[in-house]
Every structure is written in C-alpha cells, then in structure tokens.
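Per the working numbering, the very first residue in the sequence shown carries number 66; after that it's consecutive.
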Amino acid sequence: MLPRVFVATNIPDIGLDMLLTKANFEIWRDIEPPVREYFLEQISIADGVVAIPGATTKMDREAIDAGKNLRIISSYSVGYDHIDVEYATEKGILVTNTPGVLTDATADLAFGLLLMAARRMSEGERLMRSGGWRYWGPRMLLGQQVAGSSLGIIGLGRIGQAMAKRARGFDMKLYYTGRNRRPELEKELGISFLSFENILGTCDFISIHCPLSPETRSLIGEKELKMMKDTAILINTSRGPVVDQKALARALKEEWIAGAGLDVFEKEPMDPEDPLLQLDNIAMTPHLGSASVKTREDMATMAVTNLLAGLEGKVPPNLLNPEVLKK
Ligand code: NDP
Ligand code: DGY
66 MLPRVFVATN IPDIGLDMLL TKANFEIWRD IEPPVREYFL EQISIADGVV
116 AIPGATTKMD REAIDAGKNL RIISSYSVGY DHIDVEYATE KGILVTNTPG
166 VLTDATADLA FGLLLMAARR MSEGERLMRS GGWRYWGPRM LLGQQVAGSS
216 LGIIGLGRIG QAMAKRARGF DMKLYYTGRN RRPELEKELG ISFLSFENIL
266 GTCDFISIHC PLSPETRSLI GEKELKMMKD TAILINTSRG PVVDQKALAR
316 ALKEEWIAGA GLDVFEKEPM DPEDPLLQLD NIAMTPHLGS ASVKTREDMA
366 TMAVTNLLAG LEGKVPPNLL NPEVLKK
C-alpha cells in the first residue's frame with residue numbers, strides 16, 4: 066500500500082511528479098488556503114503532509130493530535146514557526162524544512178525593499194500612476210543615500226549573510242547582532258558585531274533575518290523604534306510578528322523613523338483597512354521572499370525528497386528533530 070500524503074498547497078509539478086508512483090496523494094490546488102476543518106480532515110488520514118505557513122494550516126497541537134497516522138511533516142518553507150516541533154517530537158513525528166534553496170531569492174527581495182524604501186521608489190511609481198507627476202525638481206521625493214551608509218543585520222544566518230554580500234556591493238558599512246558572534250564571518254564578510262541596542266541607535270538601515278520564536282516575537286516594538294535614528298529604515302523579510310506592527314505604523318506616521326520595507330506582516334493576507342496601507346513611507350510586497358520560479362521548484366524538490374525519505378524510513382536530509390530517531 067502506498068502511503069497517504071496531503072500536499073497542503075499547489076507546489077510546482079516537479080515536486081508532484083516525484084510523488085506520482087510513491088504516494089497516494091491529495092493536493093490542495095486553490096490559491097486560497099484550505100479551511101481549517103478540511104485541513105484537519107486531510108491530516109487525520111495522512112501518513113505525511115507537505116505543510117505551509119498560514120493561519121488555517123498551522124501544524125499545532127490540534128493538527129498533530131488529528132494526525133493519528135502522521136509520520137512526517139515536511140514544510141514547504143525554511144521558517145517553521147507554524148509547526149509545534151516540540152510536540153511533534155513528543156509524538157515521534159519527523160519535521161523537515163527547506164533551508165538554503167531560498168536564501169538568494171529572499172536576500173534579493175530584502176535588498177530590493179531596502180532600495181525601494183531608501184529611494185522612495187513605490188512613492189514615485191504611485192505618483193506617476195495617479196497622474197500627479199508635474200515637474201522635475203531638486204527637492205522632489207528625496208530619499209536616503211545607500212552607498213556609504215550602514216546596514217545592521219539582525220540574525221546573521223543564511224539569508225542575513227546573503228544580505229550582507231549584496232550590501233557590500235553597494236559599499237555599505239556592515240554590522241550584525243544576534244545571540245552568538247560569528248568571528249569567521251566577520252572576517253569573510255567584513256562585518257562587525259554590535260549589541261542589539263547599538264544596532265538600533267546607530268544604523269541607517271536595519272534588516273531582520275532571525276526566525277520567529279518566543280524570544281523574537283515583538284523584538285522591535287515602540288521602545289526599539291524610538292531608539293532608531295529618525296532617518297533610519299527598517300526592513301523585515303523574516304516574519305511579521307517579529308515587529309509590533311501597531312507600533313511600526315505609529316513610528317512611520319509620526320516619523321520616529323524615515324521608512325520601512327516589509328515582505329511579512331502580523332496578519333497575512335493583510336486586512337484592506339490595515340493602517341500601514343495608508344502610509345506613504347513604506348514599501349511592501351505580499352510575502353514574495355522565495356517567489357522565483359527556480360527557487361519554488363527547488364523548494365518543491367527538497368520538500369518532497371524530505372517527505373519521501375521520512376515515509377521510506379530513511380533519515381530526511383533536512384531533519385529538524387533528529388531526537389525522534391532515538392525514540
Ligand atoms: P537561519 O537559521 O540560517 O538564520 C537565522 C539566524 O537568526 C541565525 O543566524 C540565528 O543565529 C539568528 N537568531 C536566532 N534567534 C535570534 C535572536 N533571538 N536574535 C537575533 N538573531 C537570532 O535561517 P534563514 O536565514 O534561512 O531564514 C531566516 C528566516 O527568514 C526564516 O526563519 C523565515 O522566517 C524567514 N524567511 C522568509 C521568507 C520570505 O518569503 N519572506 C523566505 C525565507 C525565509 P543564532 O542561532 O546563532 O542566534
Ligand atoms: C519561508 O520559507 O519561511 C518563507 O516564508 C516561505 O517561502
């Protein structure tokens with residue numbers, strides 16, 4: 066009997082093709098995510114799931130309890146804050162993610178947001194589209210100079226390092242903060258360690274690349290935004306809840322900081338009434354970090370490779386909870 070798999074999102078064909086002869090699978094093809102009831106129903110009969118971040122597809126205690134036969138949760142993402150890994154481990158369920166293949170795509174987008182916010186590109190585009198471009202003037206839509214400015218990276222992991230490499234090409238001065246120092250990277254990337262407070266107080270651009278965890282939830286709130294320079298720009302491509310979005314909206318409205326570039330939000334999709342949408346000094350993309358054709362295909366191959374390995378009793382290459390194997 067082939068194992069039963071639920072693929073909770075419409076992953077590229079390259080991944081689905083790998084499943085054809087190996088699993089009896091159900092795939093959710095709608096662009097909107099499945100409703101929670103249907104998701105749980107599918108989990109309840111699955112041996113393995115290709116999971117995604119999202120409000121209705123969280124692999125929390127409820128979903129893990131529903132998955133009576135579940136052996137592996139293979140996330141189609143590198144971030145795994147939507148999965149209760151500890152509880153999955155307790156239940157003997159393998160958990161995997163897709164590290165590395167989306168590093169460049171996400172860093173490209175983060176650096177793109179930095180440029181957009183610094184040089185007020187989305188404001189300029191909106192001005193043109195509204196028919197409001199009437200003159201060229203030496204004071205029109207002036208932004209921040211990127212070359213020679215400082216970038217503070219919060220979380221010098223895979224994507225943080227790729228961001229630093231891009232910033233070097235733009236002659237930026239590089240700083241990072243995190244729980245641990247990385248002396249080998251300091252040398253290789255020409256980046257210096259600063260305390261979190263010093264990053265906030267001195268950097269022209271601050272880009273967040275740490276995972277969402279209990280420790281990083283609301284890492285940037287009112288107090289931290291008030292510590293930043295009023296010319297500073299905050300970039301977030303990690304997870305929305307790392308920044309207190311209400312505080313950020315106030316900071317942008319009252320100009321405690323100059324701008325922001327965001328790919329991730331506390332609530333996704335965002336409510337049409339969200340106050341951020343009323344603000345000009347912000348560049349936004351709808352969680353597009355890994356959205357290149359090649360990256361999404363590589364993620365599919367990786368997620369399905371992990372899934373099949375787990376279902377075949379092998380050690381999945383990107384296993385997050387090897388403790389399960391010792392049980
Ligand atoms: P990595 O694990 O390689 O890097 C995360 C880094 O964050 C590590 O260096 C880690 O270092 C650091 N970190 C962890 N906790 C803290 C903390 N409390 N304060 C400061 N730094 C911390 O992950 P990736 O770079 O591959 O991905 C990072 C995140 O980006 C993902 O978790 C995901 O949420 C997000 N992402 C978003 C995408 C998008 O579409 N917008 C696409 C891909 C990823 P240490 O452990 O030493 O502290
Ligand atoms: C991730 O991988 O964590 C992203 O958010 C989805 O690409």
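From the three backbone atoms N, C-alpha and C, an ideal C-beta is built for every residue, glycine too.
1. Helix, strand or coil for N383, going by three-state DSSP, please let me know.
2. Okay, do the region 333-348 and the region 130-141 touch, 3+ Cβ pairs below 8 Å being the bar?
3. Contact check, G255 vs G220 under 8 Å by CB: the rounded distance?
4. What separation, rounded to the nearest whole angstrom, lies between the Cα atoms of V115 and G208?
5. Any heavy atom of ligand 2 closer than 8 Å to the CB of T163?
6. Thinking just about the alpha-carbon of each residue, which of D130, E127, G113, R101 is nearest to the one in T121?
7. Where do the ends of the alpha helix (DSSP H) carrying T370 lie?
8. Decide if R304 is buried, meaning its Cβ has at least 16 other Cβ atoms within 10 Å, or exposed.
9. Can you name, in chain order, every residue of its own chain whose Cβ lies under 6 Å from the Cβ of G132, other than the five neighbours on each side?
10. To which residues of the same chain is D146 closer than 8 Å at the C-beta, ignoring the five residues directly before and after it?
11. With DSSP collapsed to three states, give me the class of N263.
12. How would the residue list near ligand 2 read, in chain order, if you kept each one whose beta-carbon is closer than 5 Å to any heavy atom?
13. Any idea what DSSP makes of K238, helix, strand or coil?
14. What would DSSP say about M349, mapped onto helix, strand or coil?
15. Report the three-state DSSP secondary structure of L105 (helix, strand or coil).
16. Going by beta carbon distance, what residues of the same chain come within less than 6 Å of L373, once the five residues before and after it are set aside?
17. Below 8 Å on the Cβ atoms is my contact criterion, and I expect P77 with L376 to pass it. Report the Cβ-Cβ distance as a whole number of Å.
18. How about the region 78-85 and the region 360-369: do they share at least three Cβ pairs that are nearer than 8 Å?
19. What's the C-alpha gap between L197 and S215?
20. Spatial neighbours of I300 within its chain, please: C-beta separation below 8 Å, excluding the five flanking residues on both sides.
21. With respect to 8 Å, is the separation between the Cβ of P306 and the closest non-hydrogen atom of ligand 1 below this value?
22. By how many angstroms is the C-alpha of M124 removed from the C-alpha of E287?
23. Report the rounded CA-to-CA distance for G165 versus E362, giving the unit in angstroms.
24. Would you call the region 153-169 and the region 333-341 touching, i.e. three or more CB-CB distances under 8 Å?
25. Closer than 8 Å: is that where the CB of P276 sits relative to any heavy atom of ligand 1?
Short version:
1. As a first step, residue 383 is located in the sequence shown; it is residue number 318 there, counting from the start. It is coil, neither helix nor strand.
2. no
3. If you number the sequence shown from 1, residue 255 lands on position 190. If you number the sequence shown from 1, residue 220 lands on position 155. Not a contact, Cβ separation roughly 18 Å.
4. Counting from 1 along the sequence shown, the entry for residue 115 is found at position 50. Counting from 1 along the sequence shown, the entry for residue 208 is found at position 143. Rounded to the nearest angstrom, the two C-alpha atoms are 43 Å apart.
5. The sequence position of residue 163 within the sequence shown is 98, counting from 1. Flag set: Cβ of T163 near ligand 2.
6. Residue numbering aside, residue 121 sits at position 56 when the sequence shown is read from its first letter. Ranking D130, E127, G113, R101 by Cα distance to T121 puts R101 first.
7. For the purposes of this step, residue 370 is taken as the residue at position 305 of the sequence shown. Per DSSP, T370 belongs to the alpha helix (DSSP H) from 358-376.
8. Within the sequence shown, residue 304 is the residue found at index 239, counting from 1. Buried, because 16 or more other Cβ atoms sit within 10 Å of the Cβ of R304.
9. Looking up residue 132 in the sequence shown gives position 67. Result list for G132: I108, in chain order.
10. Locating residue 146 in the sequence shown gives position 81, counting from the first residue. Correct list, in chain order: P118, P276, L277, S278, R304.
11. The residue labelled residue 263 in the question sits at position 198 within the sequence shown. Note: N263 maps to helix in three-state DSSP.
12. S142, V143, G144, S355
13. Here residue 238 corresponds to residue number 173 of the sequence shown, with the count starting at 1. If DSSP states are grouped into helix, strand and coil, K238 belongs with the strands.
14. The residue given as residue 349 occupies position 284 in the sequence shown. M349: strand per DSSP, three-state reduction.
15. In the sequence shown, the residue the question calls residue 105 occupies position 40. Residue state, collapsed to three classes: helix.
16. Start at 1 with the first residue of the sequence shown, and residue 373 comes out as number 308. Only K87 meet the Cβ criterion.
17. The residue labelled residue 77 in the question sits at position 12 within the sequence shown. The residue labelled residue 376 in the question sits at position 311 within the sequence shown. So it is not a contact: roughly 20 Å between Cβ atoms.
18. yes
19. Taking the first residue of the sequence shown as position 1, residue 197 is located at position 132. Taking the first residue of the sequence shown as position 1, residue 215 is located at position 150. With the sequence shown as reference, residue 197 is identified as Gly, and Leu is not the correct amino acid for it. Spanning the two alpha carbons is a distance of roughly 33 Å.
20. Here residue 300 refers to the residue found at position 235 when the sequence shown is read from its first residue. Contacts found: A175, L178, L179, A182, F270, I271, S272, I273, A325, G326, L327.
21. Here residue 306 is taken as the residue at index 241 of the sequence shown, counted from 1. False, no ligand heavy atom lies under 8 Å from that Cβ.
22. One-based indexing of the sequence shown puts residue 287 at position 222. One-based indexing of the sequence shown puts residue 124 at position 59. One C-alpha to the other measures close to 31 Å.
23. Locating residue 165 in the sequence shown gives position 100, counting from the first residue. Locating residue 362 in the sequence shown gives position 297, counting from the first residue. Using only the alpha carbons, I get a separation of about 13 Å.
24. no
25. Start at 1 with the first residue of the sequence shown, and residue 276 comes out as number 211. At least one heavy atom of ligand 1 is nearer than 8 Å to the Cβ of P276, so yes.
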